[in-house]
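Protein chains in written order, with our numbering: chain A, 25 to 508; chain B, 56 to 153; chain C, 31 to 511. See structure below.
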């Protein structure tokens, strides 16, 4: 039986009923990984032995009828989540030899519920990138066409779920790193409200923007696992003091009478005709389901990109200072003095994009530029957040494309950082405001999938998933899988 | 926005990333392009706006003053590039150099 | 005192780092105990492992609020944390979590006593921050070893206004801060172990000049005495430089106590730029009114209050009260002694005299005293009730110090009770007068100062036990006859 074709809830049902074992399910994925990942490079580490022993433990618990809530379900973890005793690289040469001495809260929560880790997925180095071409472990390929990029930074997570090498994968999103690859790989990806998912053990890129989430084949699958990952964590001061939310019970409720906002600033932009067409078709679907479409204005939304490219690098410039070759990770050969140790370790251990952002961030924080760049950006960030607060007074969700287009060819944008940054133009605002956002497939162009984004009000992941699920209950874009 | 070689070298030093002389021009160009992006913020009127450092409008939680961490030195030092007698070894540090 | 020309004045500001005596660190649950094996008290947070996050220790907020109150300062709420960026091998994150815009304590002052009377020193701010680890340099074949046990230990940095003008004032201010943190029990203030550290910003200018001179920052000064000497040196150096036609460079200097000089630290290729920005891993801290009130309710009596009470309640001199109240342990010892002895003045004299000499001798602090407050109180009460003389008491004190015996046991065993019987004293006096006819004659012919000779002879005859007052009175009447 092709167990990998089943949805996550069907897999869980099968395990619970004893139709198949976690060992069978897990082995099937491990076989697919060894067979197909050579082309995709979506995993940095495959934890085969550990996965099989976790699967066996789950099977034993089922036998004894004392199984956990998600027992035996396989998952892939983005290599940004620390996993004790397992290589945790963050896609960087700097951590290419780093075995985490502790586990992230996200891993612990899912582990305690019985989930089986298949491995650690490839990613842009330190989550900086939109094409998964900055990884020290080589680029990841898009299963829809391996000449194309899967998006980034969670490119490995998207690629492996898209190719059905894992039923679901954790991911993180600082400016679109869940939603953009989900869009380019034809998947459902959700970034919850800032503070929903603990950042403890999730290697920091930009602390005030980073948020963990999942990339899945459907809103229903995403809801099941996001719910399990969420909840207050005393180890993260920015974790919301809220219990694990119920994200699944609302999925099937009708959206009739609810309001979808279309930000005119997004639609005034020059948009590829095929993108506009897909979005318009999606809007028609929602209209047919009884939703009301409202034009809204987010007056400062066009400031988002420069705001993001000041704040994220500024925070990252400090967050990445700990990689100095002293306590762990890469160290340059024969440092002649302490300065040489720092300068060369960091020059050799970081890739070009990471260094670029550290330098930009250092500049934006330096004496004489702080007010003009960093402080200004923080104020503008408030303006963007205010726009959303105003908008959500009259709408339930805000709809837009997730990305300016479908995927692009490997190497196409690597020489022009700013061109690459434009990939995140629709996704960044939600991070700035700390709001939940998701991307679901809504069309395709030249054999490549395309996604639309829904952004919700603070803490309204449940409503977002309800909108996504009702769309998926009435369309089959999310059912299309690449031929690989 | 133009960056001088000297500025770029200073930033690189602050960030402790050595930059080779031959890669200065291309790096400078890339950074300047990104800095040009920032000019868009000039048009925004922010005189009455507070700076937003956090997406959450909450107060910092605290923990009780208790020792909760045990000694895991051996495990924590496993990843260290160079260790002796439980210490991380680095090239000679001159006291108070900082 | 000044070794330099009278037309110069120094402008001094102190930055005092106080290590807070919490059980666990500022942002982690690792222990702060001093002296553990290297890196055994450094957890994944202290080592800045990838992905770790800080969580704030509640106790430090309480300590800071108390200090703020003791420094007559404002408590900021919300108060927030910032990252101070710099690379150093003992700074594991590459930034120190500190405070910039909203320090927890701001705008206070402290009144100190100087040679020229009282003086008020403004306190700019006191902020919370993490301590760094330590670099060790021995036995690593030319390399340094990094121990991060101290990394993340909470510090309060107290920054004064540049309102101090002499090395002596600097020491008085420093001692006053030391006294306060000990009273509040927020730090042990041990300068030798580094739990209180002082950096001095010093500049000089011609008297009457408005503009401040270029200042230097002198680091690494780890005792009260060295603070005075280092500042003194730095003032003289700066005046000498300027008078020789040179300019003062703004720089950081290290004090070398071995040779009593300061020297510049090696300067780097580029100026430092700490790039402070709000710490995104920590939210602003709101200090609720009730929280502050609860903390303030636990404030102990502070040195100045105690001193004033010693003057009013015990009629001590300002000077004595000041000395006793400066140190919390001494003040408490004094109050215990007085409670038993019922004689504040005598208790004060004994503590500042005999006891303090003995403690200095053996390099002990008052808590380690071999004569307990209880025993000293009893000893003094035996002087007060006339059982023993002050002179005998000194011998008994020595005996308690070495043997630990009870006061009354020693008096009894050695028969040291004071002789207060008039008849007995008279007999002794008669004998002395009889044995010294020559002196008696000289005395009677006007050599008054021989009175002391007779007192001495009587005391000697009584083995020091005769009551001196009675000896005086009776002797006077006998000699006048």
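Think of the CB as a built atom: it goes at the ideal place given N, C-alpha and C, for glycine as much as any other residue.
Requested in this report: May I ask which residues mark the beginning and end of the alpha helix (DSSP H) holding residue 215 of chain A?
Outcome: That residue, residue 215 of chain A, is in no alpha helix (DSSP H); its beta strand (DSSP E) goes 212 to 215.
**Report entry** residue 307 of chain C at chain A interface by Cβ criterion, 9 Å
**Finding:** Yes, contact with chain A.
Query raised in the report: For residue 107 of chain B, which residues in chain A fall below 8 Å Cβ to Cβ?
Result: Residues of chain A passing the Cβ test: 402, 403, 405, 406 and 409.
**Report entry** Within 9 Å, strictly: CB atoms of residue 97 of chain C and residue 139 of chain C
**Finding:** No.
Query raised in the report: What is the DSSP secondary structure of residue 380 of chain A, counted as helix, strand or coil?
Result: For residue 380 of chain A, the three-state secondary structure derived from DSSP is helix.
Query raised in the report: Measuring CA to CA, which of C/63, C/42 and C/75 is closest to residue 260 of chain A?
Result: Put simply, of C/63, C/42 and C/75 the residue whose alpha carbon is nearest the alpha carbon of residue 260 of chain A is C/75.
Query - Buried or exposed by the 16-neighbour rule on C-beta atoms within 10 Å, applied to residue 68 of chain B - result: It counts as buried.
Report task. Tell me whether residue 501 of chain A sits in a helix, a strand or coil according to DSSP, three-state version. Result -> It is helical.
**Report entry** Below-9 Å beta-carbon distance, residue 386 of chain A vs any chain B residue
**Finding:** It does: the Cβ of residue 386 of chain A has a partner Cβ on chain B nearer than 9 Å.
Query raised in the report: At what residue ranges does the stretch 283 to 364 of chain C contain a whole run of the alpha helix (DSSP H), taking only runs of 4 or more?
Result: Counting only runs of 4 or more, we get 319 to 326, 333 to 344 and 348 to 356.
Query raised in the report: Straight-line CA distance for residue 111 of chain B to residue 232 of chain A?
Result: Spanning the two alpha carbons is a distance of roughly 9 Å.
**Report entry** Straight-line Cα distance separating residue 123 of chain C from residue 146 of chain A
**Finding:** Taking the straight line joining both Cα atoms gives about 25 Å.
**Report entry** Length of the line joining the Cα atoms of residue 82 of chain C and residue 79 of chain B
**Finding:** When the Cα atoms are used, residue 82 of chain C and residue 79 of chain B turn out to be separated by approximately 34 Å.
Report task. Measure from the alpha carbon of residue 248 of chain C to the alpha carbon of each residue in C/229, C/119 and C/462, then state which is nearest. Result -> Closest option to residue 248 of chain C, Cα to Cα, is C/229.
Requested in this report: Could you name the residues of the same chain whose beta carbon sits closer than 6 Å to that of residue 1 of chain A, not counting the 5 residues immediately before and after it, in chain order?
Outcome: Residue 1 of chain A is absent from the structure shown; chain A starts at 25 and stops at 508.
Query - Pairwise C-alpha distance: residue 201 of chain C and residue 31 of chain C - result: Only weak support is given to the placement of residue 31 of chain C: the predicted model assigns it a pLDDT of 42, under 50, and the value that follows is read from those uncertain coordinates. Roughly 15 Å separates the two Cα atoms.
Query raised in the report: Under the rule that 16 or more other beta-carbon atoms within 10 Å means buried, what is residue 289 of chain C, buried or exposed?
Result: Counting Cβ neighbours within 10 Å, residue 289 of chain C comes out exposed, since fewer than 16 surround it.
Query raised in the report: Do residue 480 of chain A and residue 421 of chain A have their C-beta atoms within less than 9 Å of each other?
Result: The answer is yes: Cβ separation under 9 Å.
Query - For residue 333 of chain A and residue 456 of chain A, the rounded distance between their alpha carbons - result: For residue 456 of chain A and residue 333 of chain A, the distance between alpha carbons rounds to 11 Å.
Query raised in the report: chain A beta carbons: is any one of them nearer than 9 Å to that of residue 120 of chain B?
Result: Closer than 9 Å: no.
Query - Proximity of residue 245 of chain C and residue 357 of chain C at Cβ, strictly below 9 Å - result: No. Outside cutoff.
Query raised in the report: Can you tell which of C/455, C/416 and C/283 has its C-alpha closest to the C-alpha of residue 441 of chain C?
Result: Per the C-alpha coordinates, the member of C/455, C/416 and C/283 positioned closest to residue 441 of chain C is C/416.
Query raised in the report: So which of C/69, C/87 and C/154 has the shortest CA-CA distance to residue 139 of chain B?
Result: Comparing Cα positions, the closest option is C/69.
**Report entry** Chain-ordered chain A contacts of residue 99 of chain B [CB-CB under 7 Å]
**Finding:** Neighbours of residue 99 of chain B on chain A, chain order: 324, 327, 404 and 407.
Requested in this report: Check the Cβ-Cβ distances between residue 370 of chain A and every residue of chain B, and say whether any is below 9 Å.
Outcome: Under the Cβ distance rule, residue 370 of chain A counts among the residues neighbouring chain B, one pair being separated by less than 9 Å.
Query raised in the report: Alpha carbon to alpha carbon, what distance is there between residue 83 of chain A and residue 162 of chain A?
Result: Rounded to whole angstroms, the separation of the alpha carbons of residue 83 of chain A and residue 162 of chain A is 35 Å.
Requested in this report: Entirely within the stretch 73 to 140 of chain B and at least 4 residues each: give me those alpha helix (DSSP H) ranges in chain order.
Outcome: Restricted to the stretch 73 to 140 of chain B, the alpha helix (DSSP H) segments that are unbroken, complete and at least 4 residues in length are 79 to 93 and 128 to 132, listed in chain order.
Query - 9 Å Cβ cutoff met for residue 375 of chain C and residue 354 of chain C - result: It is not a contact, given that the beta carbons lie outside the stated cut-off.
Query - Residue of C/162, C/153, C/398 and C/439 minimising C-alpha distance to residue 121 of chain C - result: The alpha carbon of residue 121 of chain C has as its nearest neighbour, out of C/162, C/153, C/398 and C/439, the alpha carbon of C/162.
Query raised in the report: Whose Cβ in chain C lies nearer than 9 Å to the Cβ of residue 362 of chain A?
Result: Chain C residues near residue 362 of chain A: 117, 118, 119 and 174.
Query raised in the report: For the candidate residues A/143, A/88, A/103 and A/183, whose alpha-carbon lies nearest to that of residue 507 of chain A?
Result: Taking residue 507 of chain A as reference, the option from A/143, A/88, A/103 and A/183 with the minimal CA-CA separation is A/183.
**Report entry** Any beta strand (DSSP E) of 3 or more consecutive residues that is wholly inside the stretch 201 to 267 of chain A
**Finding:** As summarised for the stretch 201 to 267 of chain A, the continuous beta strand (DSSP E) elements at least 3 residues long and confined to that stretch are 212 to 215 and 235 to 240, given in chain order.
Query raised in the report: Just to confirm, are residue 366 of chain A and residue 71 of chain B a CB contact at a threshold of 9 Å?
Result: Taking C-beta atoms as the reference points, residue 366 of chain A and residue 71 of chain B count as a pair closer than 9 Å.
Requested in this report: Could you tell me which chain C residues have their CB closer than 7 Å to the CB of residue 80 of chain B, listed as they occur along the chain?
Outcome: Correct list: empty, because the minimum Cβ distance to chain C is about 21 Å.
Query raised in the report: Sorted by chain position, which residues of the same chain lie with C-beta nearer than 8 Å to residue 497 of chain C's C-beta, five sequence neighbours on each side aside?
Result: Annotation for residue 497 of chain C: 416, 419, 448, 449, 450 and 455 place their beta carbon closer than 8 Å to its own, counting only its chain and skipping 5 residues before and after.
Report task. Could you check what DSSP says for residue 185 of chain A in three-state terms: helix, strand or coil? Result -> Note: residue 185 of chain A maps to helix in three-state DSSP.
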